[in-house]
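Visitor:
Numbering (the working numbering), first residue to last: 12 to 342.
Here's what the structure looks like:
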């Protein structure tokens, strides 16, 4: 009997050096086992750890234990070509750390690690999550704050969203993510706001669909607490910015909609444009006006009113060929 697989019976081995601004470390693998060390700003291995090594279709997978601010977690490192990728979120590609993987024998100098510094950073992350108080940042702008513990509360105050009062979210977990659902304005069709909070990276995404998208908005959680006075100031500023943006949108969208009215001013000939006006009651009418010669002539007018008044839906008024007239009905 001939064993065709006998020529492949020798143990397979491979080493990698991983470097990059997001992820650094090394891997020494042989057979189906490996040793590795990984470090990043907010996660890392507890020194050199053992891993299970699997190679499939030219892709190497290493399964091991990773230390995060939320505690120890089962993680997988994916190495394909010259890329090493460490997924930290439940959705593919959303919360990944990436480094350059060089397939080479690592030297003892390259294996040097600053374990104490890394474990100090991770311990600090654990303290943040044990405390559970965070402020939500959009770049440098504070747009919300949350308490994530047994009595979780979320307040949002940006030009894109607002919680009139602190909300108690429904919380579920999915991998390294917490999914928070809560009421926030604008809620144009009774929908609830959803935040996807990644514990290892302290990042937040507002998902626009079931899969990650470039349209998703991303934020950072910083371990801070706000005073009630500061929160009121931020909410006031959020309302002011929202009103500016709403008025600007109305001044641009109004003439476009006006141009779609039929000659008798009763029919919108491009009704799909009305979908952009969800949250407003929109009606049209024909009015009589006098020109400079005091002759009467007809003119189309569109009336709009928020239903109900809420964040980003505060203006009531009308527009016609002379422009827009409106006022705030909620502030």
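Glycine residues also receive a C-beta, built at the ideal position from the N, C-alpha and C atoms.
Check for me: the beta strand (DSSP E) holding residue 73 runs from which residue to which?
Guide: To locate residue 73, count along the chain shown from 1; it is residue 62. Segment 70-79, the beta strand (DSSP E) holding residue 73.
Visitor: Report the three-state DSSP secondary structure of residue 184 (helix, strand or coil).
Guide: The sequence position of residue 184 within the chain shown is 173, counting from 1. Three-state DSSP puts residue 184 in a strand.
Visitor: Between the stretch 249-262 and the stretch 125-136, are three or more C-beta pairs nearer than 8 Å?
Guide: As far as the Cβ criterion goes, the stretch 249-262 does not touch the stretch 125-136, which means the pair count is below three.
Visitor: Contact defined as beta carbons within less than 8 Å: I believe residue 329 pairs with residue 340. What is the distance between those atoms, to the nearest angstrom?
Guide: In the chain shown, residue 329 corresponds to position 318, counting from 1. In the chain shown, residue 340 corresponds to position 329, counting from 1. In fact, because the Cβ distance is near 13 Å, the residues do not count as touching under 8 Å.
Visitor: Return helix, strand or coil for residue 104, following the three-state DSSP convention.
Guide: Mapped onto the chain shown, residue 104 falls at position 93. Residue 104: coil per DSSP, three-state reduction.
Visitor: If you run the structure through DSSP and keep just helix, strand and coil, what is residue 313?
Guide: Here residue 313 refers to the residue found at position 302 when the chain shown is read from its first residue. In the structure shown, residue 313 sits in a strand (DSSP, three-state: E or B).
Visitor: Here's the rule: buried if 16 or more other CB atoms are within 10 angstroms of the residue's CB, otherwise exposed. What is residue 178?
Guide: Working through the chain shown from its first residue, we reach residue 178 at position 167. Classification for residue 178: buried.
Visitor: Consult DSSP for residue 305 and reduce its assignment to one of helix, strand or coil.
Guide: Here residue 305 refers to the residue found at position 294 of the chain shown. With a pLDDT of 45 at residue 305, under the threshold of 50, the modelled position of this residue cannot be trusted; read the value that follows with caution. It is coil, neither helix nor strand.
Visitor: Where DSSP assigns a beta bridge to residue 216, which residues make up the other side?
Guide: By 1-based counting over the chain shown, the position of residue 216 is 205. Residue 216 pairs with 207, 229.
Visitor: Which class does residue 330 belong to by DSSP, given the choice of helix, strand or coil?
Guide: Residue 330 sits at position 319 when you count from the first residue of the chain shown. Strand, per DSSP.
Visitor: Tell me which same chain residues have a C-beta within less than 8 Å of the C-beta of residue 70, skipping the five on either side of it?
Guide: Within the chain shown, the letter at position 59 stands for residue 70. Closer than 8 Å at Cβ, skipping near neighbours: 89, 90, 91.
Visitor: In three-state DSSP terms, what is residue 114?
Guide: Along the chain shown, one-based indexing puts residue 114 at 103. The answer is strand: DSSP assigns residue 114 an E or B state.
Visitor: With residue 37 as the anchor, note down where its beta strand (DSSP E) starts and where it stops.
Guide: The sequence position of residue 37 within the chain shown is 26, counting from 1. Start and end: 35-41.
Visitor: Between residue 146 and the ligand NAP, is there a pair consisting of the residue's CB and a ligand heavy atom that are separated by less than 6 Å?
Guide: Absence of the ligand NAP is noted for the structure shown, with no ligands found whatsoever.
Visitor: What do you get for residue 268, buried or exposed, if any count of 16 or more other CB atoms within 10 angstroms of its CB means buried?
Guide: Here residue 268 refers to the residue found at position 257 of the chain shown. Label assigned to residue 268: buried.
Visitor: Per DSSP, what kind of secondary structure is residue 29 in: helix, strand or coil?
Guide: To locate residue 29, count along the chain shown from 1; it is residue 18. In the structure shown, residue 29 sits in a strand (DSSP, three-state: E or B).
Visitor: Since I believe residue 172 is in contact with residue 80 (beta carbons under 8 Å), could you give me their beta-carbon distance rounded to a whole number of angstroms?
Guide: Here residue 80 corresponds to residue number 69 of the chain shown, with the count starting at 1. Here residue 172 corresponds to residue number 161 of the chain shown, with the count starting at 1. 25 Å between Cβ atoms; not a contact.
Visitor: Per the DSSP calculation, residue 83 is bridged to which residue(s)?
Guide: Counted from its first residue, the chain shown places residue 83 at position 72. In the DSSP output, where bridge partners are listed per residue, residue 83 has 78.
Visitor: Once the 5 residues before and after residue 180 are set aside, which same chain residues still bring their CB inside 7 Å of it?
Guide: Residue mapping note: residue 180 aligns to position 169 of the chain shown, counting from 1. Closer than 7 Å at the Cβ level, and outside the excluded window around residue 180, lie 163, 165, 191, 192, 193.
Visitor: Quick check: the Cα distance between residue 296 and residue 248, rounded to an integer number of angstroms?
Guide: Sequence index remark: in the chain shown, residue 296 carries index 285 (1-based). Sequence index remark: in the chain shown, residue 248 carries index 237 (1-based). Their Cα atoms are separated by approximately 36 Å.
Visitor: Let me check understanding here. Comparing Cα to Cα, which of 292, 34, 51, 57 lies closest to residue 110?
Guide: Here residue 110 refers to the residue found at position 99 of the chain shown. Nearest option by C-alpha distance: 34.
Visitor: Determine the direct distance from the alpha carbon of residue 322 to that of residue 246, and round the result to whole angstroms.
Guide: Position 235 of the chain shown, counted from the first residue, corresponds to residue 246. Position 311 of the chain shown, counted from the first residue, corresponds to residue 322. Straight-line Cα distance between these residues: approximately 11 Å.
Visitor: Restricting to runs no shorter than 4 residues, where is the alpha helix (DSSP H) found entirely within the stretch 124-151?
Guide: Complete alpha helix (DSSP H) runs here, min 4: 126-142.
Visitor: Going straight from the alpha carbon of residue 291 to that of residue 143, what length do you get?
Guide: Here residue 291 refers to the residue found at position 280 of the chain shown. Here residue 143 refers to the residue found at position 132 of the chain shown. Approximately 38 Å between the Cα atoms of the pair.
Visitor: I need the DSSP call for residue 62, collapsed to helix, strand or coil.
Guide: In the chain shown, counting from the first residue as 1, residue 62 sits at position 51. Correct three-state label for residue 62: strand.
Visitor: For residue 72, tell me which candidate among 58, 84, 55, 45 has the shortest Cα-Cα distance.
Guide: Residue 72 sits at position 61 when you count from the first residue of the chain shown. The candidate whose alpha carbon is nearest that of residue 72 is 45.
Visitor: Thinking C-alpha only, which one of 58, 107, 99, 28 is nearest residue 116?
Guide: Taking the chain shown and counting its residues from 1, one reaches residue 116 at position 105. Closest option to residue 116, Cα to Cα, is 28.
Visitor: Determine the extent of the beta strand (DSSP E) in which residue 45 is found, giving its start and end residues.
Guide: Reading the chain shown from its first residue, position 34 is the one you call residue 45. Where residue 45 is concerned, the enclosing beta strand (DSSP E) stretches over 44-50.
Visitor: Exposed or buried, which one is residue 270 when buried takes at least 16 other CB atoms within 10 Å?
Guide: By 1-based counting over the chain shown, the position of residue 270 is 259. Per the 10 Å Cβ criterion, exposed.
Visitor: Express the C-alpha separation of residue 188 and residue 223 in angstroms, rounding to a whole number.
Guide: The count along the chain shown starts at 1 and reaches residue 223 at position 212. The count along the chain shown starts at 1 and reaches residue 188 at position 177. Their backbone Cα atoms lie some 13 Å apart in a straight line.
Visitor: Going by beta carbon distance, what residues of the same chain come within less than 8 Å of residue 26, once the five residues before and after it are set aside?
Guide: For this step, residue 26 is matched to residue 15 along the chain shown. 37, 38, 39, 40, 114, 115, 116, 117, listed in sequence order.
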